[in-house]
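Visitor: Sharing a structure with you now.
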Amino acid sequence: MTWRRETEAEMASAQKTWKELEEIARDSLLWRTFVGGLKVDSRSSCNSCCCSSSSSSSSSSSCSRRSSSNSSSSSSSSSIAGTNEKHCKPYERSCISFVYGRVVVVLAIVVVVVVVVVVVVVAVVVVVVVVVVVAVVVAVVVVVVVAAASVVVVVEVVAVVVVVVVVVVVAVVVVAVVVVVVVVVVVVVLVVLVIVVVVRGLELTTELFF
């Protein structure tokens, strides 16, 4: 009899451990699926399995009916609520992560779009201003050279204009390259920051609420 009781106790302990591991695995699968951006059933889980004590009466009643098959008919309402809460904890966590994660993603996308647009506009304005300034300088130089010469020498004027034009083109190209590099770097940094903020935000949401 003692051996039988010990065996039953070991089997019950093993079943309990297995159920806990199964819940952890299910929770981890939902978590990895959500973070990975794949299709998840968090929304349906949120609608069908919100089983905490603070949930609505309809959700609690439906969840109680679903969980009553796993509990004895003589179980009290408190034990059923505890079973429901334990059963639905991963789904609640997934729902909270789903909601807050989507909010964080939307806000991050808005911030990234606004910053990129501002950077591009500023870069374009800078390029335009540089081109205008260089063009004015070219015109002034040409006028000064032509006015200073007692006899207009076409070759000299053409040489000066060519040199100035080359300088303008080089300056515009350099500015454009710098602007492109800066925009690319800013976008990459912002994308990395968004990823870090989203992932860390989901982790903090889990730590704060659970």
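By my numbering, the letter at position 151 of the sequence shown is numbered 153, and the numbering carries on one by one without gaps.
Using N, Cα and C, we set each Cβ at its ideal position, and we do this for glycine too.
If contacts are defined as beta-carbon pairs under 8 Å, then Val177 and Val132 qualify, I think. What distance do you get, rounded to the angstrom?
Guide: The Cβ separation is near 5 Å, so the contact holds.
Visitor: Can you tell me the Cβ-Cβ gap for Val118 and Val189, rounded? I've got them flagged as a contact below 8 Å.
Guide: About 6 Å; that satisfies the 8 Å criterion.
Visitor: Considering only the beta carbon of each residue, do Ala173 and Val143 sit closer than 8 Å?
Guide: Cβ distance not < 8 Å, so Ala173 and Val143 don't count as in contact.
Visitor: How about Val168 and Val140: are their beta carbons less than 8 Å apart?
Guide: In this structure, Val140 does not lie closer than 8 Å to Val168 by Cβ.
Visitor: Measure the CB-CB distance between Val114 and Leu192 and report whether it falls below 8 Å.
Guide: Yes. Within cutoff.
Visitor: With Val185 and Ala125 assumed to form a contact (beta carbons below 8 Å), what rounded beta-carbon distance in angstroms separates them?
Guide: So it is a contact: roughly 6 Å between Cβ atoms.
Visitor: Given that a residue counts as buried once 16 or more other Cβ atoms are within 10 Å of its Cβ, and exposed if not, what is Val166?
Guide: Looking at its Cβ environment, which holds 16 or more other Cβ atoms inside 10 Å, Val166 is buried.
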